[in-house]
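Trainee: Sequential numbering from 4 applies to the sequence shown in this note's numbering.
Built from N, CA and C at the ideal position, the CB exists for glycine as well.
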Amino acid sequence: MRFYSEDDEGGRPVWMSPEEAVDPCSTLREFCGEYSLSNCRFYLWKMLAASISAGNHPVNASAGDQLYFFESLMPALEALYLLYREPAEEEMKNL
Numbered sequence: 004m005r006f007y008s009e010d011d012e013g014g015r016p017v018w019m020s021p022e023e024a025v026d027p028c029s030t031l032r033e034f035c036g037e038y039s040l041s042n043c044r045f046y047l048w049k050m051l052a053a054s055i056s057a058g059n060h061p062v063n064a065s066a067g068d069q070l071y072f073f074e075s076l077m078p079a080l081e082a083l084y085l086l087y088r089e090p091a092e093e094e095m096k097n098l
């Protein structure tokens, strides 16, 4: 993990730096600016395909569970890009 600390409750960020945790919107804007939605879909699909084709899944990460997670993650990712795009388009109109 990028920034790891124990999190027994599972609700605190462990991958974000303290600076990123203070301003998570900035982190999301930077991510959406760096990676296109189509690239995110592609990379996540490749990771899923590689994981499933490897064949030795832990019990709590079966191929079906991974596919269900992927199918749940995609709409959340697309929602992020919609939220990011609308303010960015408004900023461009105001220039």
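If I measure Cβ to Cβ from Tyr46 and keep anything under 6 Å in the same chain, skipping five residues before and after, which residues do I get?
Mentor: Here the set comprises nothing.
Trainee: Which two residues bound the contiguous alpha helix (DSSP H) that contains Asn42?
Mentor: That run of the alpha helix (DSSP H) goes 40-57.
Trainee: Where do the ends of the alpha helix (DSSP H) carrying Arg32 lie?
Mentor: That run of the alpha helix (DSSP H) goes 27-37.
Trainee: Quick one: measure Cβ to Cβ for Tyr84 and Cys35, integer angstroms, because I've assumed they're closer than 8 Å.
Mentor: Their Cβ separation, rounded to whole angstroms, is 6 Å, which keeps Tyr84 and Cys35 in contact under 8 Å.
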